[in-house]
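Using my numbering, read the sequence shown as starting at 8 and increasing by one per residue.
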Amino acid sequence: MKFQDVKQCQEYIEKQSQKARLIMIVSGRSGQEIVPSIHKLRQVISIYVYCMDKKSHEQWTRNFAKVKAVIVELNELIFRIETDHRMQKIVEEPLSINIFTTSTNAGTSAMGTSSMGITTMSVNGQFVFSQVLIDCLQRLESNKTDKEELIHLCKQKYKENNAELSCIDEFENSYSSDQALWWYTRQSFFYQTLNAALRKQDIHLFFLFRAIISDIHYQLKYNQAKDPLRVYRGQMMSSDELKTLKQCLDQFISVNSFFSTSMNKQQALYFVNTSHATDNLEPVLFEIDADPAMATTKPFADISPFSIFPRESEILFMLGSIFRLKSIHLSGDSQVWVIRMILCSDNEHELKHVLMDMKQQFGSGKMDLRTLGRLLSEMNKPDLAEKYFIRLLEQLPLDDPLRYDLYKDLGKFASQAGNFDKCMEWRQKAIALKQQVELAGN
């Protein structure tokens with residue numbers, strides 16, 4: 008919406024829902040007139056002053072925290088709005104984590120974010136399986152069919168959005184492994200789909216994205232930070248999540264997505280302070296000490312040189328990074344909860360044997376669909392296990408002896424799921440194949 012009249016503009020804002028989130032661009036003169044009146048309105052989250060005289064207008068804007076910048080160049084204005092929008096989305100996006108408790112009185116053991124942004128609880132097994140799944144999928148080679156299916160799913164999701172469809176076509180035709188971080192930082196279908204898949208633990212989308220996740224891992228590993236860093240991340244967190252974390256001090260936390268942080272504490276605080284705390288959402292600042300010596304399998308790096316936003320001092324942690332929760336306190340000056348964590352490796356005493364046993368169970372070399380299916384069966388996901396076994400069957404020749412074992416396993420998965428008719432169907436196929444092989448041998 009565009010307004011010439013300051014009063015009409017203010018009336019329009021005041022009529023909007025309290026849940027509305029408005030970004031305003033004002034000229035220097037009109038800004039001086041309207042900003043004092045609308046600055047405290049909940050609906051307005053950001054104000055940009057676009058003017059010819061930056062110096063004089065910077066003076067009066069210092070009194071208004073929602074004024075993000077005073078800018079004279081149009082391209083700079085567009086870039087700044089895009090950058091701020093990305094950072095704001097990161098802050099307000101629900102954070103999905105698992106917690107590994109090392110004692111019985113440490114409270115609930117894991118959190119996964121629901122579509123409402125409210126936590127659901129599970130057991131330590133979720134933490135362990137999540138770590139092993141990340142490891143297994145990175146070792147599973149991708150193929151052309153996987154990429155085609157991923158592209159098809161994205162096109163279906165964005166079929167009404169021409170701009171995103173154009174972006175998907177660009178990705179399909181020009182993506183290369185050295186562009187993984189550039190695509191990840193770009194505000195497009197790529198970031199939205201990948202992050203949602205990881206946050207919601209959509210294993211099949213994770214499976215389809217695995218080659219790209221491996222590309223990001225390689226770029227992070229190749230550019231691994233050389234020195235210890237202290238980094239920050241602003242986050243809006245539900246009261247229930249915060250309560251759970253307070254009960255889990257000195258426990259291990261794994262993040263179910265790539266974890267974006269900043270070297271700049273004030274920048275991280277800035278976006279938290281411009282978000283709206285509610286009865287259920289509270290502003291949080293993660294303060295993380297990260298030593299490269301701990302990044303044995305999950306690297307972290309300054310991705311500014313590879314980002315579409317190169318001026319951000321962004322440090323990105325690999326999917327599944329593990330931290331130890333050290334303390335939580337309320338900052339007196341900013342009324343933000345400060346959560347202190349340190350980066351850990353999976354060789355930590357309490358984790359080492361649990362993770363090692365699981366990884367040994369599923370091998371350490373190249374991964375295949377059968378091993379993935381077995382892992383998913385152990386995770387009590389027989390339907391998904393069946394999906395990947397059938398995918399493998401479709402790739403095997405009709406006379407491949409592995410088919411017999413797959414039929415037996417599929418029968419077991421069907422039984423697990425309580426589908427006994429299907430179980431009998433798979434077992435009959437196994438018996439028929441065995442008889443066929445015996446006849447051929449005679």
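A virtual CB, placed ideally from N, CA and C, is assigned to each residue, including glycine.
Within the same chain, Q194 and F316 come within 8 Å of E89 by CB-CB distance, once the 5 residues on both sides are set aside.
Residue environment analysis places D416 among the buried positions, since at least 16 neighbouring C-beta atoms fall within 10 angstroms of its C-beta.
Using a 10 angstroms sphere on the CB of K305, the tally of other CB atoms reaches 16 or more, which defines it as buried.
Judged by DSSP secondary structure, Y414 falls outside any beta strand (DSSP E) and instead within the alpha helix (DSSP H) spanning L409 to Q423. In the pairwise beta carbon analysis, the stretch 139-149 is classified as touching the stretch 360-369: at least three pairs are separated by under 8 Å. If you ignore the 5 residues before and after L409, its C-beta comes within less than 7 Å of the C-beta of L403, all in its own chain and listed in chain order. Counting every other CB atom within 10 Å of its CB across the protein chains shown gives D309 a total of 16 or more, marking it as buried. Taking C-alpha positions only, N150 is separated from W67 by approximately 58 Å.
In the structure shown, T109 falls within a coil segment according to DSSP collapsed to helix, strand and coil. With the rule of 3 Cβ pairs closer than 8 Å, the stretch 251-267 counts as touching the stretch 96-110. Within the stretch 319-347, the beta strand (DSSP E) runs of at least 3 residues that lie entirely inside it are, in chain order, 321-324 and 329-337.
Looking at the DSSP output, G241 shares a beta bridge with L292. CA-to-CA, the gap between L323 and K162 works out to about 28 Å. In this structure, Y395 is the residue among F420, Y395 and W433 with its C-alpha nearest to the C-alpha of I210. If only complete runs of 4 or more residues are kept, the stretch 152-202 shows the alpha helix (DSSP H) at 169-181 and 187-192, in order along the chain. If you check the CB distance, M325 and L227 come in under 9 Å.
Per DSSP, the beta bridge partners of V33 are V56. A residue is called buried when at least 16 other Cβ atoms come within 10 angstroms of its Cβ; Q273 does not meet this threshold and is exposed. S267 carries a strand assignment under DSSP once its states are collapsed to helix, strand and coil. Secondary structure at L236: strand, using DSSP grouped into helix, strand and coil. DSSP places D309 in no alpha helix (DSSP H) but in the uninterrupted beta strand (DSSP E) bounded by F307 to D309.
In terms of Cβ geometry, Y182 and L172 do not form a close pair [threshold 9 Å]. Closest option to S63, judged by alpha-carbon separation, among Q442, K22 and A76: A76. Using a 10 angstroms sphere on the CB of L188, the tally of other CB atoms reaches 16 or more, which defines it as buried.
The distance from the Cβ of V343 to that of L292 is about 5 Å, consistent with a contact at the 8 Å cut-off. The Cβ-Cβ distance between L201 and I220 falls below 9 Å. For the pair S24 and L48, the Cα-to-Cα distance works out to about 11 Å. Annotation: V79 is outside any alpha helix (DSSP H) and is labelled neither H nor E by DSSP. The residue from H360, L276 and S338 with its alpha-carbon nearest to that of E99 is L276. In this structure, the straight-line span from the alpha carbon of N168 to that of E445 is close to 56 Å. Counting the other Cβ atoms within 10 Å of the Cβ of A72 gives fewer than 16, which makes it exposed. Pairing M301 with S352 gives a Cβ-Cβ distance under 9 Å. In the assembly as shown, A439 is an exposed residue. Its beta-carbon has fewer than 16 other beta-carbons within 10 Å. By DSSP's assignment, I260 forms a beta bridge with I106 and F330. For F216, the enclosing alpha helix (DSSP H) starts and ends at I210 to Y229.
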